[in-house]
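Each protein sequence line maps, in turn, to chains A and B. Read in order, the letters of the first sequence correspond to residues 0 to 319 in numbering that gives the first Met the number 0. Read in order, the letters of the second sequence correspond to residues 0 to 323 in numbering that gives the first Met the number 0. These notes are about the structure you will find just below.
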Amino acid sequence: MTHLVRIEDLVVDYASGDGSVRALDGAELAIGAGETVGIVGESGSGKSTLGAAVGGLLPGAATVARGSVVVADHEVNTLRPNELRALRRERLGYIFQEPIGSLDPTMRIGKQVALALPGSGRRADVLTHLERVRLADPARVAKAYPHQLSGGMAQRVAIAMAMAREPEILIADEPTAALDSQIRAEVLDVIFTLAAEIGTTILWLSHDLPAVAKRCRRVVVMYGGRVVESGSAHAVLDMPWHPYTSALVRAVPGAVAEGERLVSIKGQPPVLTGAAEGCAFAPRCPDALSTCSVDRPPVVSVHERDVLCHLAGQQVGVSR
Amino acid sequence: MRLFSWWLRRALSAVVTLFLVSILIFTASRLMPGGFAEVVLGPLASPEQKAEVTAKYGLDESILVQYARWLGTALSGDFGISMISGEPVTTEFGLRLPVTAQLALFGIGGAILIGVPLGVATAVRAGRRRGGAAVGRLLSGLGVSVPEFVLGSVVVFLFSRFALGLTVGGYVPFGADPAGNLQSMLLPAAVLSVFVIAVTARTTRDAVLTVLVEPYITASIARGDRPAFIVCRHVLRNASIPIITVLSTVSAYLLGGAVIIEYLFNLPGMGTYLVQAVGRRDYAVVQAGVLLAAVVFIVLNMVTDAVAGVLDPRFGAAAKGRKQ
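Okay, structure coming up:
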């Protein structure tokens, strides 16, 4: 099976002050065409860095220390600037967290959408694209400036711009985190229906495990700059193998039966300065073995599920 | 409608400001130690001679009467005569304003055509080479901090000591000999421009650096836009408010007359003329000159606000109190 995106052993460091912080510590991920993938993790787990790395969008302070990112058979890290721009233009679409901030405050919406369209975008095309994201009054929105829109409207505009060239893969980095809760579902509906129409692969970065599991076929859990668990959404949610994933599931309101206590995850996520000695979750893990803090856990793959845990081998062994 | 009343309020407040400025400068010029008669006649003049001169120009009347008389004629466009030359102030200004305006034009032109692109270029390249950024900072630091009289003196020395193709001094009006005029203005304009260009480049660089980290720039990069496209379409306009503010300040500074440059290169501009007028207690000239400077400042500020409102819709809406 050829993958649309293939990330192998990716290590990314950020220069900070006199040292450096490791954002990705050997991340592995492969995404096939047409998949809907949700990447879940806390702030600092490296999911945004992973999303940025797909489009070669890492900030200036970041360096790729090791590993490869292959998108549609192009190695992103070694592409020349004009090839990278072509890749972004023709195959990738990005949606970011801050909807109004992602739009140029000095330019009318219609003009911005027109600039994002292939060729010279005509007014009719602009309105069509605004209609596709179910904006109630496209003509009025086209004439408005970003500061005159609500967050939800602005995010729809950003979706229209990201989907304008019908990308092969859409990377949505917490697209609803800055929105009111009742608008979130609508905006997500827009993203997923539009992507399904066009046949765009979705890579949705979020910290909301149940929301991701509801809409994505596959869930990827990140911790400490590594992908610790990946598999079909219902399997991961119903039967998490990695202790971090099960802790996440138990920490979600609504996941436990009424009367039971929500369990928060004790401790803080790690800030790595170099490669983690063993498993990055070991200090917070209730079931940690003595090897966990010494040896980096290997990938255990069973039935299209990947788990990065020393315990997983035993669990698989007893077919839990 | 709201917009109109906003401009009306601005215009009204400008008139009030000018009125207050005229009172202030009228009072201040009369409070300067030593009156016109003392300065013109010298320390050895007799009291009778002084009284005669004072009476001749109406300086023996109370300051209120003098001010009322001046204001009356000023409103009809007559700013009195220079007591030194006996010529109308407007005629005297007419001779000197073109020199100052031309110098200012060169300076503003340099700021826009060289300072702004330089600032953009250094900001866009900021992340690439550390060495380049350091050189840029050093040059702009020098440009801002080396006083005009130092740079001007060096230029005057070099060009008068060695035959470098341009002569120093000897102003020729543009109408009489355009080529000769440009030749005589080139050096002073260049010296004047160094500071102006450095200040503009610095402000532009800072403004562009602030814009470059905005999410909409990241979004534009993510869409695969070319750097030149991003700078032209998104960066320049968003960075424009600080840039036009500094350009407006620089313009006001230049139009006030570049005294040191005018002295160094022997140019008959407004700066030297006003300094001389203050020294000679040539009241009418000082009053008109300061009032003119105030008008320039107020007009430039209004133009800046108008341009800012056009360039950045948020600024316009906020400044004019519009609700949308």
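Backbone N, C-alpha and C define an ideal beta-carbon position, used for all residues, glycine too. Predicted model, so just to flag it, every value in this text is computed and none were measured.
Kindly say whether H128 (chain A), judged by its beta-carbon, lies nearer than 9 Å to any beta-carbon of chain B.
-> Taking the first sequence and counting its residues from 1, the one referred to as residue 128 (chain A) is at position 129. Cβ-Cβ to chain B under 9 Å: no for H128 (chain A).
By a C-beta neighbour count over all protein chains shown, 10 Å radius and 16 as the cutoff for buried, is Q323 (chain B) buried or exposed?
-> Position 324 of the second sequence, counting from 1, holds the residue named residue 323 (chain B). Confidence at Q323 (chain B) is low in this model, with a pLDDT of 40, below 50, so the placement of that residue is unreliable and no value is reported for it.
Quick one: measure Cβ to Cβ for R201 (chain B) and S139 (chain B), integer angstroms, because I've assumed they're closer than 8 Å.
-> Counting from 1 along the second sequence, the entry for residue 201 (chain B) is found at position 202. Counting from 1 along the second sequence, the entry for residue 139 (chain B) is found at position 140. Contact holds; Cβ gap of about 5 Å.
Contacting residues, own chain, Cβ-Cβ under 6 Å from D12 (chain A) (five flanking each side not counted) = As a working mapping, residue 12 (chain A) is identified with position 13 in the first sequence. Cβ within range, chain order: S19, R21, T62 and A64.
Interface residues of chain A facing D311 (chain B) [CB-CB closer than 8 Å] = Counted from its first residue, the second sequence places residue 311 (chain B) at position 312. Within 8 Å Cβ-Cβ: P104 and T105.
Give the single residue among B:P172, B:V154 and B:L191 whose Cα lies nearest to the Cα of G164 (chain B).
-> The sequence position of residue 164 (chain B) within the second sequence is 165, counting from 1. Ranking the options by Cα distance to G164 (chain B), first place goes to B:V154.
If you measure from the beta carbon of R236 (chain B) to each beta carbon in chain A, is any gap under 9 Å?
-> Residue numbering aside, residue 236 (chain B) sits at position 237 when the second sequence is read from its first letter. Yes, contact with chain A.
For I99 (chain A), does the three-state DSSP call read helix, strand or coil?
-> If you number the first sequence from 1, residue 99 (chain A) lands on position 100. Of the three classes helix, strand and coil, the one that applies to I99 (chain A) here is coil, per DSSP.
Using CA coordinates, which residue listed in A:Q111, A:A279, A:A52 and A:S180 is at the minimum distance from T77 (chain A)?
-> As a first step, residue 77 (chain A) is located in the first sequence; it is residue number 78 there, counting from the start. Of the listed residues, the one whose Cα sits closest to T77 (chain A) is A:A52.
The stretch 107-118 of chain A contacting the stretch 129-144 of chain A, beta-carbon criterion three pairs below 8 Å = yes
Look at the Cβ atom of K237 (chain B), then the Cβ atom of D103 (chain A), and state whether they are nearer than 9 Å.
-> Within the second sequence, residue 237 (chain B) is the residue found at index 238, counting from 1. Within the first sequence, residue 103 (chain A) is the residue found at index 104, counting from 1. Checking the sequence shown, residue 237 (chain B) turns out to be Asn, not Lys. Remark: C-beta atoms of N237 (chain B) and D103 (chain A) approach each other more closely than 9 Å.
Spell out whether any CB of chain B is found under 9 Å from the CB atom of E165 (chain A).
-> Position 166 of the first sequence, counted from the start, is the residue given in the question as residue 165 (chain A). Chain B, which has no Cβ nearer than 9 Å to the Cβ of E165 (chain A), makes this no.
Is the Cβ-Cβ distance between I320 (chain A) and L202 (chain A) less than 9 Å?
-> Nothing can be reported for residue 320 (chain A): it is not among the residues displayed for chain A, which extend from 0 to 319.
Residues of the stretch 29-61 of chain A with Cβ closer than 8 Å to any Cβ of chain B, in chain order = G54, L56 and G59
In the stretch 3-16 of chain A, which residues sit with their C-beta less than 7 Å from some C-beta in chain B, listed in chain order?
-> none
Is the Cβ-Cβ distance between G37 (chain A) and L204 (chain A) less than 9 Å?
-> By 1-based counting over the first sequence, the position of residue 37 (chain A) is 38. By 1-based counting over the first sequence, the position of residue 204 (chain A) is 205. Going by beta carbons, G37 (chain A) and L204 (chain A) fall inside the 9 Å limit.
Return yes when the Cβ of V123 (chain B) is within less than 9 Å of the Cβ of L19 (chain B), no when it is not.
-> Numbered from 1 along the second sequence, position 20 holds the residue referred to as residue 19 (chain B). Numbered from 1 along the second sequence, position 124 holds the residue referred to as residue 123 (chain B). Going by C-beta atoms, L19 (chain B) is not nearer than 9 Å to V123 (chain B).
Test item: CB-CB of E165 (chain A) and T199 (chain A) under 9 Å | Against the first sequence, residue 165 (chain A) aligns to sequence position 166. Against the first sequence, residue 199 (chain A) aligns to sequence position 200. Using a Cβ distance threshold of 9 Å, E165 (chain A) and T199 (chain A) count as a contacting pair.
Under 7 Å from the C-beta of R357 (chain A): neighbouring residues of chain B = Past the boundaries of the shown model lies residue 357 (chain A); chain A is included only from 0 to 319, so the question cannot be answered.
Who does S67 (chain A) pair with in a DSSP beta bridge?
-> Sequence index remark: in the first sequence, residue 67 (chain A) carries index 68 (1-based). Bridge partners of S67 (chain A): A:E7.
Exposed or buried, what is C291 (chain A) when buried is set at 16 or more other beta-carbons lying within 10 Å of its beta-carbon?
-> The residue you call residue 291 (chain A) lines up with position 292 of the first sequence. By the neighbour-count criterion, in which a residue is buried when 16 or more other Cβ atoms sit within 10 angstroms of its Cβ, C291 (chain A) is buried.
If the cut is a Cβ gap below 8 Å, which residues of chain B does G100 (chain A) touch?
-> Here residue 100 (chain A) corresponds to residue number 101 of the first sequence, with the count starting at 1. Result: E213, P214 and Y215.
What residues are listed by DSSP as bridge partners for T62 (chain A)?
-> Counting from one through the first sequence, the residue named residue 62 (chain A) turns up at place 63. The partner list for T62 (chain A) (beta bridge, DSSP) reads A:D12.
Touch test, the stretch 77-88 of chain A against the stretch 288-302 of chain B, Cβ-Cβ under 8 Å, three pairs minimum = Fewer than three pairs of CB atoms, one per stretch, sit closer than 8 Å, so the stretch 77-88 of chain A makes no contact with the stretch 288-302 of chain B.
Can you grab the Cα-Cα spacing for the pair V235 (chain A) / D205 (chain B), in whole Å?
-> For the purposes of this step, residue 235 (chain A) is taken as the residue at position 236 of the first sequence. For the purposes of this step, residue 205 (chain B) is taken as the residue at position 206 of the second sequence. Taking the straight line from one Cα to the other gives about 48 Å.
CB E158 (chain A) to CB V125 (chain A), shorter than 9 Å?
-> The count along the first sequence starts at 1 and reaches residue 158 (chain A) at position 159. The count along the first sequence starts at 1 and reaches residue 125 (chain A) at position 126. It should be noted that the sequence gives Ile, not Glu, for residue 158 (chain A). No, the pair does not count as a contact, with Cβ atoms beyond the cut-off.
Determine the direct distance from the alpha carbon of A133 (chain B) to that of G168 (chain B), and round the result to whole angstroms.
-> Residue numbering aside, residue 168 (chain B) sits at position 169 when the second sequence is read from its first letter. Residue numbering aside, residue 133 (chain B) sits at position 134 when the second sequence is read from its first letter. Using only the alpha carbons, I get a separation of about 36 Å.
Bridge-paired residues (DSSP) for A26 (chain A) = For the purposes of this step, residue 26 (chain A) is identified with residue 27 of the first sequence, where counting begins at 1. For A26 (chain A), which the question treats as bridged, DSSP gives the partners A:L9.
Using CA coordinates, which residue listed in B:R313, B:V302 and B:V309 is at the minimum distance from R348 (chain B)?
-> It is not possible to answer for residue 348 (chain B), since the shown part of chain B is limited to 0 through 323.
Pairwise C-alpha distance: L307 (chain A) and V299 (chain A) = Translated into the one-based positions of the first sequence, residue 299 (chain A) becomes position 300. Translated into the one-based positions of the first sequence, residue 307 (chain A) becomes position 308. Each residue's CA atom was taken as its position, placing V299 (chain A) and L307 (chain A) some 6 Å apart.
Counting along the chain, where does the beta strand (DSSP E) carrying M82 (chain B) start and finish?
-> The residue you call residue 82 (chain B) lines up with position 83 of the second sequence. No beta strand (DSSP E) contains M82 (chain B), which DSSP labels as neither H nor E.
Taking Cβ positions only, does E173 (chain A) come closer than 9 Å to chain B?
-> Translated into positions along the first sequence, residue 173 (chain A) becomes position 174. Taking Cβ atoms only, chain B never reaches closer than 9 Å to E173 (chain A), which makes this a no.
Which chain B residues sit within Cβ distance under 7 Å of C84 (chain A)?
-> Numbered from 1 along the first sequence, position 85 holds the residue referred to as residue 84 (chain A). Here residue 84 (chain A) is Arg; the residue named in the question, Cys, does not match the sequence. Ordered by position in chain B, the residues that pass the 7 Å Cβ test against R84 (chain A) are G223 and R225.
F280 (chain A) to P239 (chain A) span [Cα, whole Å] = Within the first sequence, numbered from 1, the residue matching residue 280 (chain A) stands at position 281. Within the first sequence, numbered from 1, the residue matching residue 239 (chain A) stands at position 240. Rounded to the nearest angstrom, the two C-alpha atoms are 15 Å apart.
Coil, strand or helix - M31 (chain B) by DSSP = On the second sequence, position 32 is the one that residue 31 (chain B) refers to. M31 (chain B): coil per DSSP, three-state reduction.
Per DSSP, cross-strand counterpart(s) of I170 (chain A) = Translated into positions along the first sequence, residue 170 (chain A) becomes position 171. In DSSP, I170 (chain A) forms a bridge with A:Y93 and A:L202.
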